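J.: Below is one structure. I have some questions about it.
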Amino acid sequence: MTDAQALEATANGPLFVAAIGVRWRDLDAFNHVNNSNYLTYLEEARLQWLQHVPGWFDEHSMPVLAASELNYRRPIEWPAQLNVELFCERLGNSSVTIAHRIVNAHDGALYSDGKVVMVWMDPASGKPVPLPQSIRDAAEADA
-19 MTDAQALEAT ANGPLFVAAI GVRWRDLDAF NHVNNSNYLT YLEEARLQWL QHVPGWFDEH
41 SMPVLAASEL NYRRPIEWPA QLNVELFCER LGNSSVTIAH RIVNAHDGAL YSDGKVVMVW
101 MDPASGKPVP LPQSIRDAAE ADA
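Numbering (my numbering), first residue to last: -19 to 123.
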């Protein structure tokens, strides 16, 4: 995401904000959150958002993560309360690009930003399928 795209997405407001507390076990030997846990926080935020979207999957249509971009801006130390902000950057025929920011819940300090691409596919065939209308509606309503 370019700085201009990030500014535009932020100006439009988040699609969803997930509150996540940093756990002691998230820390590494350097006493800050291990880089891999940032991806776990993002996954948790996406799943929390999807729980609010009825019909986001069925036996013929499920999302898979096709791409992930994560920029580490500053280390997260324990204890911390985080807000993971999700923004709809792009809706495609079978995919959605979700921009994200992980920020400090108290002062808004930016820990990371980036985006992921989720593609809906038929698990039996492995082929892309049209984006569920419920996802399209949820993303467009908050964009």
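Ideal Cβ positions, reconstructed from N, Cα and C, are used throughout, including at glycine. Quick caveat: nothing in here was measured; it's all calculated off a predicted structure.
Name the two residues that bound the continuous beta strand (DSSP E) containing Glu49.
T.: Taken as a continuous stretch (DSSP letters only), the beta strand (DSSP E) holding Glu49 covers 42 to 52.
J.: Just to confirm my understanding: we take Pro(-6), look at its own chain, exclude 5 residues before and 5 after, and list those with CB closer than 7 Å. What are they?
T.: Closer than 7 Å at Cβ, skipping near neighbours: Glu65, Leu66, Phe67.
J.: What does the alpha-carbon distance come out to for the pair Phe37 and Asn14?
T.: Answer to the nearest angstrom: the Cα atoms are 31 Å apart.
J.: Within the same chain, show all residues whose beta-carbon is closer than 7 Å to that of Gly35, passing over the 5 residues directly before and after it, in chain order.
T.: These residues qualify, in order along the chain: Pro112, Ser114.
J.: For Pro43 and Arg81, what's the separation of their Cα atoms in angstroms?
T.: Approximately 21 Å between the Cα atoms of the pair.
J.: Under three-state DSSP, which class holds Ala25?
T.: It is helical.
J.: Okay, do the stretch 94 to 108 and the stretch 70 to 81 touch, 3+ Cβ pairs below 8 Å being the bar?
T.: Touching, per the Cβ criterion.
J.: Do Ala118 and Lys95 count as a contact pair if the criterion is CB distance below 8 Å?
T.: No, Cβ-Cβ distance for Lys95 and Ala118 is not below 8 Å.
J.: With Arg70 as the anchor, note down where its beta strand (DSSP E) starts and where it stops.
T.: Unbroken beta strand (DSSP E) run through Arg70: 61 to 71.
J.: Which residues mark the beginning and the end of the beta strand (DSSP E) in which Ala(-1) is found?
T.: Per DSSP, Ala(-1) belongs to the beta strand (DSSP E) from -4 to 1.
J.: Should Ala47 be labelled buried (16 or more other beta-carbon atoms within 10 Å of its own) or exposed?
T.: Exposed: under 16 other Cβ atoms inside 10 Å.
J.: Beta-carbon separation of Ala85 and Ala(-1) under 8 Å?
T.: Cβ atoms of Ala85 and Ala(-1): closer than 8 Å.
J.: In the DSSP assignment, what are the bridge partners of Thr77?
T.: Per DSSP, Arg70, Val97.
J.: Is the beta carbon of Trp125 less than 8 Å from the beta carbon of Leu7?
T.: Given a span of -19 to 123 for the chain in the structure shown, any question on residue 125 remains unanswerable.
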